[in-house]
Every structure is written in structure tokens, then in C-alpha cells.
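Going by the numbering used here, the letters in the sequence shown line up with residues 77 to 330, in that order.
Every residue gets a Cβ at the ideal spot worked out from N, C-alpha and C, and that includes glycine.
This one's a predicted model, so the numbers in the text were calculated from it and none came from an experiment.
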Amino acid sequence: MSTDAPGRAVDQGAGAVQPPAHVAVIMDGNGRWAAQRGLPRAEGHRRGVEALRRAIRAAGDLGVRYLTVYSFSSENWSRPQDEVSDLMNLLRLFVRRDLAELRKAGVRVRVIGERAGLPADIAALLEEAESTTRANTALTLVVAFNYGGRQEIAAAARAIARDVAAGRLDPEAVDVEAVARRLHAPDLPDPDLVIRTSGEQRISNFLLWQSAYAEYVFLPIHWPDFDRAAFEGALESFQARQRRFGGRGERAGA
Ligand code: FPP
Numbered sequence: 077m078s079t080d081a082p083g084r085a086v087d088q089g090a091g092a093v094q095p096p097a098h099v100a101v102i103m104d105g106n107g108r109w110a111a112q113r114g115l116p117r118a119e120g121h122r123r124g125v126e127a128l129r130r131a132i133r134a135a136g137d138l139g140v141r142y143l144t145v146y147s148f149s150s151e152n153w154s155r156p157q158d159e160v161s162d163l164m165n166l167l168r169l170f171v172r173r174d175l176a177e178l179r180k181a182g183v184r185v186r187v188i189g190e191r192a193g194l195p196a197d198i199a200a201l202l203e204e205a206e207s208t209t210r211a212n213t214a215l216t217l218v219v220a221f222n223y224g225g226r227q228e229i230a231a232a233a234r235a236i237a238r239d240v241a242a243g244r245l246d247p248e249a250v251d252v253e254a255v256a257r258r259l260h261a262p263d264l265p266d267p268d269l270v271i272r273t274s275g276e277q278r279i280s281n282f283l284l285w286q287s288a289y290a291e292y293v294f295l296p297i298h299w300p301d302f303d304r305a306a307f308e309g310a311l312e313s314f315q316a317r318q319r320r321f322g323g324r325g326e327r328a329g330a
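This is the structure:
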């Protein structure tokens, strides 16, 4: 992975533009990809992990600094037990097989989501992935596991309530920053671009707070088919957007 030039522009020509610093991905469509081929859903998820490896490599090469992937949502526990087991096993395999290579490539792993309630070995693997890559700086891979945006905001609200009850925080001082500081990874920048595959156009409880001003790109392909060309296409769509953050922007007559 050539991650030696973080923040490098996608187009090196005269009109070179900076890539989005933080790309977040809803990796959707593994099941449909498998069903279309008469394969078990587990095979769709397994091929989804291969697509994830491609995405990590492409993110580094394209100059993206943070890549967040929605690997297991708070709601995914409601899937049949064997599918939940398949997803847990894929995470185990991913960390065991890929951690050394990620470490070598300069990738820092962060994990967001609720740790309580996870199988003990999974919690330990996530902890190991974070601690052994802590010094890396080329690309930060944020794995959203047992993650829900509403749950994250509710946890921040609980932390605020505790601080107010203990007299450490004035209710009048509860502002946007006070909430943001109590999210799972408050030091990460907000995502600039959220990509969702599979053609579905919804947020599904992903980074609800952080994507307030993200641009969304919905791709018609299923996640196992996601490749570098698809990533580049999404970045091109992003570059064509005019971000206004609630202001009037720079468009003539805007
Ligand atoms: C959505 O596809 C995908 C998921 C619920 C899990 C995403 C997981 C991976 C890409 C592989 C696991 C990676 C790690 C690191 C554990 P879906 O099953 O909802 O597809 P469908 O909507 O077509 O049924």
C-alpha cells in the first residue's frame, strides 16, 4: 500500500484537488450478491471482507486519511444466530490474518461501538488491533462494530447527565461541543463523504451525529463488487459537489 503521501490529490494535473480526508462506508448488499449467484449469505460476507481489503488499500493509495466501515450494527444482533456467528467469525479471521499487514502498511485501527456484551475474545482482538497500531499514521481505519448512531448519542447524553448530577457540568454549558466530546472517538474528524453500496438510499443508524454535513454517494453495486474504480468514481462524485455547511457557498448568484 503506498500510503507515503497522505492527503495527496487524486488528480495530479493542473486542477489537482484534495481527496476527502474522511470517507465512511456502509458496506451493504453482501446477502443479495450471494443470492444472485445461488451462494450462501456467508459467502457474500466472506467476499465482503475481500472488498474491505481492496477498499483499505485504495483509501491509502488515494490519499484518504480516515476510512470508517460499518461492520456490525447494534441492530445486526436480530439476524439469525448462524449469520451473527458468521459475522463474528469473519471479524476474528480479519483481525488474526490482516493485523500484521495493516500494521506494516502504517494503518492505525480504531474501533467505535459498544464493547460491553461482545464475546470476550472479540473484545480482546479489537483491543489488540487498537493497541498494536496506535503509533501508525498513514491511514486510520475505523471499524464500527456493535455500533449504532442513536446508541452513541444516548451514551453521550448519559455521560452529560452524570456530569450534571455530580455538579461537574452546568446544564447551560451543554452545547454541540459538549455532546461531541462524549462520542466514542471525539478526536476523529467528521466524515466528508459517506458511501453506501447496494442501491439502498438510507443512513441505517450510521454516524448520525458526525455526518450532519457529509456528502452521500449511493452506488448501485453490491459491496463484494466494490473495487478501486468504484472508490475513484465515488471520490469524483464528491469532488463535483459544492459543500455549503449551511452557508451560501461560492456559487454565482447563491
Ligand atoms: C450488509 O450486507 C453487510 C453487513 C451486515 C456486514 C458487513 C460486513 C462485511 C463486509 C464483512 C465483515 C467485515 C468485518 C471486518 C467483520 P447485508 O447482509 O445486509 O446484505 P443484504 O442487504 O443484501 O442482505
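*Flag this pair as yes or no: are the beta carbons of leucine 115 and alanine 131 separated by less than 8 Å?*
Taking 8 Å as the Cβ cut-off, leucine 115 and alanine 131 do not qualify as a contacting pair.
*Answer yes or no: do asparagine 281 and glycine 322 have a C-beta to C-beta separation smaller than 8 Å?*
no
*Going along the chain, which unbroken runs of the alpha helix (DSSP H) with 4 or more residues stay wholly within the segment 211 to 268?*
225 to 241, 252 to 256
*Below 8 Å between beta carbons: does that hold for tyrosine 223 and serine 274?*
no
*For glutamate 159, collect the residues of the same chain with a Cβ closer than 7 Å to its Cβ; drop the 5 residues on either side in sequence, then sort them by chain order.*
Arg117
*Indicate, with yes or no, if the ligand FPP has a heavy atom lying under 7 Å from the CB of glycine 275.*
no
*Rounded to whole angstroms, what's the CA-CA distance from isoleucine 198 to alanine 261? Just pull it up for me.*
When only Cα atoms are considered, isoleucine 198 and alanine 261 end up about 19 Å apart.
*Could you tell me how far apart the beta carbons of isoleucine 236 and valine 250 are, in whole angstroms, since I believe they sit closer than 8 Å?*
6 Å
_CB contact check: phenylalanine 294 to chain B, cutoff 8 Å_ = Given the protein chain composition of this structure (a single chain), no chain B is represented.
_Euclidean distance between Cα positions of arginine 272 and glycine 243_ = 42 Å
*Say the cut is 7 Å; is the CB of phenylalanine 148 nearer than that to a heavy atom of the ligand FPP?*
Within the cutoff, so yes.
_Backbone secondary structure at isoleucine 188 - three-state DSSP_ = strand
_Give me, in chain order, the residues of the same chain whose beta-carbon lies closer than 7 Å to that of glutamate 312; leave out the 5 immediate sequence neighbours on both sides._
none
*asked:* Please report the straight-line C-alpha distance between glutamine 318 and alanine 241, rounded to a whole angstrom.
replied: The C-alpha of glutamine 318 lies about 43 Å from the C-alpha of alanine 241.
_According to DSSP, histidine 98 sits in a beta bridge with which residue or residues?_
Tyr142
*Taking the beta strand (DSSP E) that glutamate 291 falls in, what are its first and last residues?*
291 to 294
*Would you kindly work out how many angstroms separate the C-alpha atoms of isoleucine 188 and alanine 220, rounded to a whole number?*
The alpha-carbon atoms of isoleucine 188 and alanine 220 are separated by roughly 5 Å.
_Using the three-state DSSP reduction, which class does alanine 287 fall into: helix, strand or coil?_
The displayed chain sequence assigns serine, not alanine, to residue 287. Assigned with DSSP and collapsed to three states, serine 287 falls in coil, not helix or strand.
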